[in-house]
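Line order of the protein sequences matches chains A and B.
Numbering of the first sequence is given in this note's numbering, commencing with residue 116 and proceeding in unit increments.
Numbering of the second sequence is given in this note's numbering, commencing with residue 116 and proceeding in unit increments.
For each residue, glycine too, the CB sits at the ideal point set by N, CA and C.
All figures in this text were calculated on a predicted structure; none of them were measured in a lab.
All remarks here apply to the structure that follows.
Number of protein chains: 2
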Amino acid sequence: MRAMVFTAPNTVEMLDVAVPTIAEGDVTITVRAAGICGSELHGIRHTDFRKPPLVMGHELAGVDQDGRRVTVNPLLSCGMCDRCSANEEHLCRGRLIIGIHRPGAFAETVVVPKASVYEIPDSMTFETAAMVEPLANAVHALRLADPAAGSRIAVLGAGTIGLVSLLVALEYSMDVTVCDLSESRLKTALELGAIRSSTELTGEYDLIIDAVGAESTHRTSVERLRPGGTAVWIGLLSSSTGFDGQEIVRDEKRVLGSYCYTRSDFERALSLAEHTPLDWTTRFPLELGATIFTELMDGRQDVIKALLCPAPGPVKTRSLV
Amino acid sequence: MRAMVFTAPNTVEMLDVAVPTIAEGDVTITVRAAGICGSELHGIRHTDFRKPPLVMGHELAGVDQDGRRVTVNPLLSCGMCDRCSANEEHLCRGRLIIGIHRPGAFAETVVVPKASVYEIPDSMTFETAAMVEPLANAVHALRLADPAAGSRIAVLGAGTIGLVSLLVALEYSMDVTVCDLSESRLKTALELGAIRSSTELTGEYDLIIDAVGAESTHRTSVERLRPGGTAVWIGLLSSSTGFDGQEIVRDEKRVLGSYCYTRSDFERALSLAEHTPLDWTTRFPLELGATIFTELMDGRQDVIKALLCPAPGPVKTRSLV
Numbered sequence: 116m117r118a119m120v121f122t123a124p125n126t127v128e129m130l131d132v133a134v135p136t137i138a139e140g141d142v143t144i145t146v147r148a149a150g151i152c153g154s155e156l157h158g159i160r161h162t163d164f165r166k167p168p169l170v171m172g173h174e175l176a177g178v179d180q181d182g183r184r185v186t187v188n189p190l191l192s193c194g195m196c197d198r199c200s201a202n203e204e205h206l207c208r209g210r211l212i213i214g215i216h217r218p219g220a221f222a223e224t225v226v227v228p229k230a231s232v233y234e235i236p237d238s239m240t241f242e243t244a245a246m247v248e249p250l251a252n253a254v255h256a257l258r259l260a261d262p263a264a265g266s267r268i269a270v271l272g273a274g275t276i277g278l279v280s281l282l283v284a285l286e287y288s289m290d291v292t293v294c295d296l297s298e299s300r301l302k303t304a305l306e307l308g309a310i311r312s313s314t315e316l317t318g319e320y321d322l323i324i325d326a327v328g329a330e331s332t333h334r335t336s337v338e339r340l341r342p343g344g345t346a347v348w349i350g351l352l353s354s355s356t357g358f359d360g361q362e363i364v365r366d367e368k369r370v371l372g373s374y375c376y377t378r379s380d381f382e383r384a385l386s387l388a389e390h391t392p393l394d395w396t397t398r399f400p401l402e403l404g405a406t407i408f409t410e411l412m413d414g415r416q417d418v419i420k421a422l423l424c425p426a427p428g429p430v431k432t433r434s435l436v
Numbered sequence: 116m117r118a119m120v121f122t123a124p125n126t127v128e129m130l131d132v133a134v135p136t137i138a139e140g141d142v143t144i145t146v147r148a149a150g151i152c153g154s155e156l157h158g159i160r161h162t163d164f165r166k167p168p169l170v171m172g173h174e175l176a177g178v179d180q181d182g183r184r185v186t187v188n189p190l191l192s193c194g195m196c197d198r199c200s201a202n203e204e205h206l207c208r209g210r211l212i213i214g215i216h217r218p219g220a221f222a223e224t225v226v227v228p229k230a231s232v233y234e235i236p237d238s239m240t241f242e243t244a245a246m247v248e249p250l251a252n253a254v255h256a257l258r259l260a261d262p263a264a265g266s267r268i269a270v271l272g273a274g275t276i277g278l279v280s281l282l283v284a285l286e287y288s289m290d291v292t293v294c295d296l297s298e299s300r301l302k303t304a305l306e307l308g309a310i311r312s313s314t315e316l317t318g319e320y321d322l323i324i325d326a327v328g329a330e331s332t333h334r335t336s337v338e339r340l341r342p343g344g345t346a347v348w349i350g351l352l353s354s355s356t357g358f359d360g361q362e363i364v365r366d367e368k369r370v371l372g373s374y375c376y377t378r379s380d381f382e383r384a385l386s387l388a389e390h391t392p393l394d395w396t397t398r399f400p401l402e403l404g405a406t407i408f409t410e411l412m413d414g415r416q417d418v419i420k421a422l423l424c425p426a427p428g429p430v431k432t433r434s435l436v
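The structure is reproduced here in structure tokens:
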């Protein structure tokens, strides 16, 4: 089958690869839409976390072997460790992610555990269904922060995770400010319901979601909190923490890391997706995957969320290159 | 009256000063014990937060003008700002602290608002009553973290705040490890109920209280958490955050700043103090204040908590120097 493969640092290639093997409990899905995640654009600069050769892609929707229209929770947990026992399966000691630790969805087909598959409503497009995974990240982040009604919320970054964080934040509060350097992304944020947009965050907030994770956004996420406020970090751009370690004590601020989602967060995201505006994605044929991925990586392509969409129809099987 | 005065960077002196003026709602207290706080030892290196000339001292017990044996909550709030309205009076926009923003208790007498005074039980010594303030810091920190029963807790630092954190942590969990570089302080921690003591923290914890606030303890407080664990920072030694900003996301850890206490935390500390071992303090006559303070500051004096105790009896009034 055709797949976009991470083959070496900074390199993805369209290749013919073997259809993944099916083990007991697995199911084959014909991919109809698979989103390119910012973590993949950054992640392929090194070969430590994601190891080439690898078919990436963990945001996906498609049709399973029984003809059901589905999306997939790509986070696999052992179900037995202390974190799984504490209903924190996203922090599982042996957690694996489809598209990172096993072949993902930038391909004509992907094989996933049957238990990870969720049927989607007839009315939901594959494009929307592929957005349930990023949306689940935002559901989780906001649940961790649990802002009081009427909270002043700011979101740093108007990429995919920033915008889905905005959409979920609007479920908690109408007062959501979005900050980004791109005026066109800020325009999308305002169209989606942000009350304010800015290229530099001013004022004071009860809750700030850092969907970037740069040193500067880490700093801003703490500095712009009111005393006693909460910063939630989802972005993974930098290891630098940026903020003043004494300020967090004197003003009793909180910094919460947020990683992925639990199964119930994923299910809530699937339910939310039915009435949430998620139609700001851009489709590309799978065959253009390597070009689009490389352009996004190099900053030459400005779409917020690119979805790679294999042409519908029977899956072609070819020999492994 | 005699008082120990912060007169210039790194300098405290015993002086004759005027008895503080009494305004409406104030009460005069004859000081019987006043603890020297680590924040004062570090704080007088600069003149930005505490401004000389200043009588410091915010941990105190004594006798009020009606002869009642009392301790004092030194944190004064406006009662009107957004933080006070949210029952976060310790984060009051106009908060003032006795011994920082108005004359404190390293003196024969101190004048405080009547509303800040708490009568102490007959059975409680002045030495114990002066420890209610540091104890309240620990009550607050543990309340913020709210560890589950049976949690593995570590406390970094076996100074006063570390040891009171240990004592309050024992109310939540029997599994408390204390870490410090001083073997004699670790011995005290074990005597007070720590299950384990160490000069270097190993293993994995649900909750880590950083009662030091150095770059190295900030780092350790995050690194040694289990996935999903919580670090509470009370110490104020350094602005350096020390930890990896990506680790906090990938392992979904939390860093909570903790500052002072609310009125109810202070009242809970007063109640806890009745049955909590707080007799590891050391008394010094007020007249030795400048010597002891300077020795503590320079690391030539190893007592964990020095209490300055003016000789009981009528307050001598002398002319201002």
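Legend entry - Per DSSP, cross-strand counterpart(s) of A/Val247: Taking the first residue of the first sequence as position 1, residue 247 of chain A is located at position 132. According to DSSP, which records beta bridges pairwise, A/Val247 is partnered with nothing at all.
Inset, instruction - Can you grab the Cα-Cα spacing for the pair A/Thr303 / A/Thr397, in whole Å? - result: Counted from its first residue, the first sequence places residue 303 of chain A at position 188. Counted from its first residue, the first sequence places residue 397 of chain A at position 282. Distance between the alpha carbons of A/Thr303 and A/Thr397: 14 angstroms.
Inset, instruction - Verify whether the separation of the beta carbon atoms of A/Leu403 and A/Met246 is less than 8 angstroms. - result: Numbered from 1 along the first sequence, position 288 holds the residue referred to as residue 403 of chain A. Numbered from 1 along the first sequence, position 131 holds the residue referred to as residue 246 of chain A. No, the pair does not count as a contact, with Cβ atoms beyond the cut-off.
Inset, instruction - Would you list, in chain order, the members of the region 365 to 387 of chain A that have their beta-carbon closer than 9 angstroms to a beta-carbon of chain B? - result: From the region 365 to 387 of chain A, only Arg365, Asp366, Glu367, Lys368, Arg369, Val370, Leu371, Gly372, Ser373, Tyr374, Cys375 have a Cβ closer than 9 angstroms to chain B.
Legend entry - Closer than 7 angstroms: B/Arg184 CB and nearest the ligand GTP heavy atom: Ligands are entirely absent from the displayed structure, and the ligand GTP is therefore not among its contents.
Inset, instruction - Please compile the residues from chain A whose C-beta is within a distance smaller than 8 angstroms of the C-beta of B/Glu174. - result: Start at 1 with the first residue of the second sequence, and residue 174 of chain B comes out as number 59. Going along chain A, no residue has its Cβ under 8 angstroms from B/Glu174, so there is no contact; the nearest lies around 18 angstroms.
Inset, instruction - Pick helix, strand or coil for A/Leu296, following the three-state DSSP scheme. - result: Taking the first sequence and counting its residues from 1, one reaches residue 296 of chain A at position 181. A/Leu296 falls in the coil class under three-state DSSP.
Inset, instruction - Specify, as a first and last residue, the run of the alpha helix (DSSP H) that A/Tyr287 falls within. - result: Within the first sequence, the letter at position 172 stands for residue 287 of chain A. First-last of the alpha helix (DSSP H) with A/Tyr287: 275 to 287.
Legend entry - A/Gln361 at chain B interface by Cβ criterion, 8 angstroms: Counted from its first residue, the first sequence places residue 361 of chain A at position 246. By this cut-off, A/Gln361 is an interface position.
Inset, instruction - Kindly indicate which three-state DSSP category A/Lys302 falls into: helix, strand or coil? - result: Residue mapping note: residue 302 of chain A aligns to position 187 of the first sequence, counting from 1. Here A/Lys302 sits in helix by DSSP.
Legend entry - Of the residues B/Arg184, B/Ile235, B/His173, B/Leu387, the one placed nearest B/Leu427, counting alpha carbons only: For the purposes of this step, residue 427 of chain B is identified with residue 312 of the second sequence, where counting begins at 1. A quick correction: the sequence has Pro, not Leu, at residue 427 of chain B. That would be B/Arg184, whose Cα lies nearest to the Cα of B/Pro427.
Inset, instruction - Could you pull out every residue in the same chain whose Cβ sits closer than 6 angstroms to the Cβ of A/Cys294, ignoring the five residues on either side in sequence? - result: Residue numbering aside, residue 294 of chain A sits at position 179 when the first sequence is read from its first letter. So the qualifying residues of the chain are Leu271, Ser313, Leu316.
Inset, instruction - Check whether the region 178 to 198 of chain B touches the region 406 to 420 of chain A, taking contact to mean three or more Cβ pairs, one atom from each stretch, closer than 8 angstroms. - result: As far as the Cβ criterion goes, the region 178 to 198 of chain B does not touch the region 406 to 420 of chain A, which means the pair count is below three.
Legend entry - chain A residues whose Cβ lies nearer than 9 angstroms to that of B/Arg198: For the purposes of this step, residue 198 of chain B is identified with residue 83 of the second sequence, where counting begins at 1. The CB of B/Arg198 comes closer than 9 angstroms to the CB of Arg341, Pro342, Gly343 in chain A, given here in chain order.
Inset, instruction - Select from the region 197 to 221 of chain A all residues with a C-beta closer than 7 angstroms to any C-beta belonging to chain B, and list them in chain order. - result: Within the region 197 to 221 of chain A, Arg198, Glu203, Leu206 place their CB atoms closer than 7 angstroms to a CB of chain B, listed in sequence order.
Inset, instruction - Check B/Thr432 in the structure and name its three-state DSSP category. - result: For this step, residue 432 of chain B is matched to residue 317 along the second sequence. Because B/Thr432 sits at a pLDDT of 45, beneath the cut-off of 50, its placement in the model cannot be relied upon, and the following sentence gives the value as read from the coordinates. Reduced to three states, the DSSP call for B/Thr432 is coil.
Inset, instruction - Would you mind reading off the limits of the beta strand (DSSP E) that contains A/Thr409? - result: Locating residue 409 of chain A in the first sequence gives position 294, where the first residue counts as 1. Taken as a continuous stretch (DSSP letters only), A/Thr409 belongs to no beta strand (DSSP E), being part of the alpha helix (DSSP H) at 404 to 412.
Legend entry - C-beta neighbour in chain B for A/Ser355, strict 8 angstroms: As a working mapping, residue 355 of chain A is identified with position 240 in the first sequence. Under the Cβ criterion of 8 angstroms, A/Ser355 is counted among the residues facing chain B.
Legend entry - N- and C-terminal bounds of the beta strand (DSSP E) containing B/Thr224: As a first step, residue 224 of chain B is located in the second sequence; it is residue number 109 there, counting from the start. Segment 224 to 228, the beta strand (DSSP E) holding B/Thr224.
Inset, instruction - State the start and end residues of the unbroken alpha helix (DSSP H) segment that holds A/Ala148. - result: The count along the first sequence starts at 1 and reaches residue 148 of chain A at position 33. Taken as a continuous stretch (DSSP letters only), A/Ala148 belongs to no alpha helix (DSSP H), being part of the beta strand (DSSP E) at 141 to 150.
Inset, instruction - Have a look at B/Pro249, B/Val120, B/Leu387, B/Ser331 and flag the residue whose alpha-carbon is nearest the alpha-carbon of B/Tyr374. - result: The residue labelled residue 374 of chain B in the question sits at position 259 within the second sequence. By alpha-carbon distance to B/Tyr374, the top candidate from B/Pro249, B/Val120, B/Leu387, B/Ser331 is B/Pro249.
Inset, instruction - Return the residue from the list A/Gly344, A/Thr332, A/Asn188 that minimises the CA-CA distance to A/Asp380. - result: To locate residue 380 of chain A, count along the first sequence from 1; it is residue 265. Among A/Gly344, A/Thr332, A/Asn188, the Cα nearest to that of A/Asp380 belongs to A/Asn188.
Inset, instruction - Could you please give the first and the last residue of the uninterrupted alpha helix (DSSP H) stretch that includes A/Ile363? - result: For this step, residue 363 of chain A is matched to residue 248 along the first sequence. Looking at the DSSP string, the run of the alpha helix (DSSP H) that includes A/Ile363 is 362 to 365.
Inset, instruction - Pair every Cβ in the region 163 to 178 of chain B with every Cβ in the region 214 to 234 of chain B, then say whether three or more of these pairs are closer than 8 angstroms. - result: Contact holds: three or more Cβ-Cβ distances are below 8 angstroms.
Legend entry - CA-to-CA distance, B/Asp325 to A/Gly360, given in whole angstroms: Counted from its first residue, the first sequence places residue 360 of chain A at position 245. Counted from its first residue, the second sequence places residue 325 of chain B at position 210. Rounded to the nearest angstrom, the two C-alpha atoms are 12 angstroms apart.
Inset, instruction - Over the uninterrupted beta strand (DSSP E) stretch that includes B/Thr397, give me the two end residues. - result: If you number the second sequence from 1, residue 397 of chain B lands on position 282. Where B/Thr397 is concerned, the enclosing beta strand (DSSP E) stretches over 396 to 400.
Inset, instruction - Determine which residues share a DSSP beta bridge with B/Arg420 and list them. - result: The sequence position of residue 420 of chain B within the second sequence is 305, counting from 1. A quick correction: the sequence has Lys, not Arg, at residue 420 of chain B. Bridge partners of B/Lys420: B/Thr396.
Legend entry - chain D within 8 angstroms of A/Gly158, Cβ atoms only: In the displayed structure, chain D is absent; the protein chains listed are A and B.
Inset, instruction - Report the residue from B/Arg258, B/Ala263, B/Ile276, B/Asp290 whose alpha carbon sits nearest the alpha carbon of B/Ala269. - result: Position 154 of the second sequence holds residue 269 of chain B. B/Ala269 has its Cα closest to that of B/Asp290, out of B/Arg258, B/Ala263, B/Ile276, B/Asp290.
Legend entry - Residue-chain proximity (B/Ile349, chain A), Cβ-Cβ < 8 angstroms: Locating residue 349 of chain B in the second sequence gives position 234, counting from the first residue. With 8 angstroms as the cut-off, B/Ile349 counts as an interface residue toward chain A.
Inset, instruction - Please decide whether B/Gly274 counts as near chain A, where near means a Cβ-Cβ distance under 8 angstroms. - result: Reading the second sequence from its first residue, position 159 is the one you call residue 274 of chain B. No, B/Gly274 lies away from the interface with chain A (no Cβ there is under 8 angstroms from its Cβ).
Inset, instruction - Please check the pair B/Thr122 and B/Pro167, which I expect to be a contact at CB under 8 angstroms, by giving their CB distance rounded to whole angstroms. - result: For this step, residue 122 of chain B is matched to residue 7 along the second sequence. For this step, residue 167 of chain B is matched to residue 52 along the second sequence. So it is a contact: roughly 5 angstroms between Cβ atoms.
Legend entry - Inter-residue spacing [alpha-carbon to alpha-carbon] between A/Lys420 and A/Thr136: Stepping through the first sequence from its first residue, residue 420 of chain A is reached at position 305. Stepping through the first sequence from its first residue, residue 136 of chain A is reached at position 21. If you take the alpha carbons of A/Lys420 and A/Thr136, they lie about 29 angstroms apart.
Inset, instruction - Could you name the residues of the same chain whose beta carbon sits closer than 6 angstroms to that of A/Glu155, not counting the 5 residues immediately before and after it, in chain order? - result: Taking the first residue of the first sequence as 1, we reach residue 155 of chain A at position 40. Cβ neighbours of A/Glu155 beyond the five flanking positions: Met171.
Inset, instruction - May I ask which residues mark the beginning and end of the alpha helix (DSSP H) holding B/Arg184? - result: For the purposes of this step, residue 184 of chain B is identified with residue 69 of the second sequence, where counting begins at 1. DSSP places B/Arg184 in no alpha helix (DSSP H) but in the uninterrupted beta strand (DSSP E) bounded by 184 to 187.
Inset, instruction - Note down the Cα distance separating A/Ala388 from A/Leu351, rounded to an integer number of angstroms. - result: In the first sequence, the residue the question calls residue 388 of chain A occupies position 273. In the first sequence, the residue the question calls residue 351 of chain A occupies position 236. The alpha-carbon atoms of A/Ala388 and A/Leu351 are separated by roughly 24 angstroms.
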